[in-house]
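Numbering (this note's numbering), first residue to last: 13 to 97.
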């Protein structure tokens with residue numbers, strides 16, 4: 013089922029609460045919590061100063077190192093090479 017679902021089920025079991033997954037677009041995750049439509053976001057929302065001004069964060073439950081895979085010979089060697097693509 014995946015890492016986040018496993019973490020959510022463990023949290024729900026510890027708290028004695030059911031877990032209901034609701035899929036929302038990325039840009040609506042924090043607003044859903046602010047409106048009370050969701051209790052939490054459990055999905056790679058990195059902690060930034062801007063986000064900390066909007067919602068409270070727990071300690072990180074995981075560290076993710078994300079990357080981009082490109083075709084060999086595509087001429088993409090760094091973030092600047094992705095501009096406009």
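Each residue gets a CB set at the ideal place from its N, CA and C atoms; glycine is no exception. This structure is a prediction, so every number in the text was calculated from the model and none was measured.
Excluding residues up to 5 positions away in sequence, 42 and 57 lie with their Cβ nearer than 7 Å to the Cβ of residue 63 in the same chain. With contacts defined as CB atoms closer than 7 Å, residue 16 and residue 55 qualify as a contacting pair. For residue 61, the secondary structure class from DSSP, reduced to helix, strand or coil, is helix. Between residue 88 and residue 82 the beta-carbon gap is near 4 Å, inside 8 Å, which marks them as a contact. Distances from the alpha-carbon of residue 30 to those of 19, 73, 71 and 39 put 19 closest.
Here residue 72 has 59 as same chain residues with Cβ atoms under 8 Å from its own Cβ, once five neighbours each way along the sequence are excluded.
For the set 97, 92 and 53, the Cα lying nearest the Cα of residue 23 is the one of 53.
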